[in-house]
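Data first, discussion second: the structure below is written as structure tokens.
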Amino acid sequence: MVGSGDKGGSGSGGALSVADVQALLKDPSAENRAVTAAKVAGQLSAASFSATELPMAQEILRVMARDAERRVREALAREARSAKDLPHDVAILLAKDVESVAMPVLEFSDVLREEDLIEIASAADEMKQTAIARRGNVSEALAETLIDKGNQTVVETLVRNEGASISESGFEKAIERFGEDENIQDGLVHRQKLPVGISERLVSIVSDRLREHLVKHHDLPANTATDLLLEARENATLSLVSNGAPSQKVEDLVAELHRNGRLTESIVLRAACLGDMDFAQAAMAELASVPLINAQKLFDDSGALGLKALFDRTGLPKRSYPVLRKALDVMRDTDYDGLENDRERFSLKVLERLLTAFETDDFGLSDDDVEYLMKRLSALTSKTAETREHLH
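Here the sequence shown is numbered in the numbering used here, starting from 2 and rising by one per residue.
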């Protein structure tokens with residue numbers, strides 16, 4: 002452990018020399034103690050000690066880990082962070098020390114056990130939690146503790162760490178706690194692997210840029226990916242005009258969608274079933290190439306001919322007409338002011354009537370058409386599943 006060939010004084014690198022020991026005996030200052038701690042810890046990390054020297058070196062570290070001077074403990078932790086022969090009790094002592102001492106050991110030491118890390122992660126110390134979240138290997142149990150106890154910074158660090166094993170329930174908790182945080186969304190989306198259920202959930206809350214990455218880089222089934230992208234995009238589009246937007250704004254938006262090939266059957270159905278009749282009217286006027294005022298008059302026609310004549314000019318699939326007709330009938334029968342709860346109540350009522358009509362085959366639609374329409378309609382509200390169970 003102590004070499005006799007080095008007469009070069011007490012530099013911070015290399016093996017502990019006779020000159021180092023003499024300097025420490027002559028001047029046991031904090032600076033010299035820190036140099037000694039670093040050298041002994043460095044030799045421990047390099048596995049430079051013989052079987053007889055190792056216990057003595059470990060005992061020196063035990064003493065230095067309790068040194069009153071923080072700089073001594075910092076030097077020890079910095080140099081011993083990767084030492085496999087660091088005594089477990091010393092690793093624990095350093096890990097529970099102040100942040101500047103603890104962080105290198107928390108991030109790099111393999112001597113610390115999972116239960117040690119979970120205990121420390123359970124305390125509300127952001128810096129220590131963040132150091133743990135950066136470890137090369139983070140178990141699912143430890144990751145879940147960090148997600149439960151950590152703040153946004155900790156969880157972002159964790160989800161960006163590919164060495165962290167995160168269970169599906171862990172991902173779900175992260176989204177529940179911090180799903181609105183764009184940095185955490187970005188970290189989740191750019192992980193190499195995500196459970197399909199988590200990918201599907203993220204699609205509905207992230208930006209277009211992140212959504213496209215999800216679809217391209219994760220194992221979303223092609224149909225599911227397309228449907229999720231369309232649903233999220235259509236919801237975002239309709240939200241632009243759902244709060245009493247001027248008719249010209251609605252017309253401009255519809256015209257832009259049409260130019261870009263996004264004025265689809267799905268978005269027209271979605272608008273009608275959510276009570277966004279201004280959008281539905283403007284969309285059908287655009288598709289039918291008729292003035293908006295004419296389309297509005299045909300919508301207002303209480304008979305069966307007006308809407309059907311307009312619909313036939315739009316080029317929309319015939320299967321869509323019964324849905325539009327039923328949505329318009331419900332609109333006329335419902336006290337609807339466009340508030341959020343009314344939108345949900347309205348769409349549920351449309352869905353309920355359509356389910357009844359589909360079951361009695363009132364529309365004469367094919368099974369494929371019914372399946373398509375039910376798939377589109379089932380995504381309109383979070384209470385759809387509950388409603389369907391009630392009806393059946």
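For each residue, glycine too, the CB sits at the ideal point set by N, CA and C.
Around the beta carbon of Pro292, a 10 Å sphere encloses fewer than 16 other beta carbons of the protein chains shown; the residue is thus reported as exposed. Between Gly198 and Glu169 a beta carbon distance of about 6 Å is seen, short of the 8 Å cut, so the two are scored as contacting.
Listed in chain order, the non-local C-beta contacts of Ser140 below 7 Å within the same chain comprise Glu115 and Ser166, local neighbours out to five positions each way being set aside. In the DSSP assignment, Ala165 forms a beta bridge with Val139. Around the beta-carbon of Asp279, 16 or more other beta-carbon atoms lie within 10 Å, marking it buried. Under the three-state reduction of DSSP output, Leu87 falls in the coil class, being neither helix nor strand. Less than 8 Å divides the Cβ of Ala84 from the Cβ of Ser46. Taken through DSSP and simplified to helix, strand or coil, Thr131 comes out as helix.
Collapsing the DSSP output to three states places Asp279 in a helix. In this structure, the beta-carbon distance from Leu306 to Leu325 does not fall below 8 Å. In summary, Lys350 is buried, with 16 or more beta-carbon neighbours lying within 10 Å of its beta-carbon over all protein chains present.
In the three-state DSSP reduction, Leu195 falls in the coil class, being neither helix nor strand. The beta carbons of Ala31 and Arg79 sit about 15 Å from each other, so the pair does not count as a contact at 8 Å. DSSP, reduced to helix, strand and coil, places Val291 outside both helices and strands of the structure shown, so it counts as coil.
A direct Cα-Cα distance of roughly 59 Å separates Lys97 from Leu258.
At least 8 Å separates the beta-carbon of Glu60 from that of Ser101.
Straight across, the Cα-Cα distance linking Ala286 with Ala296 is about 5 Å. Comparing alpha-carbon positions, the option among Glu108, Asn152 and Asp117 lying closest to Ala125 turns out to be Asn152. Counting other Cβ atoms within 10 Å of its Cβ, Glu145 reaches 16 or more and is therefore classed as buried. If you draw a straight line from the Cα of Ala122 to the Cα of Pro105, it is about 15 Å long. Looking from the CA of Pro196, the closest CA among Val91, Gly171 and Ile206 belongs to Gly171. The Cβ-Cβ distance between Leu211 and Asp187 falls below 8 Å.
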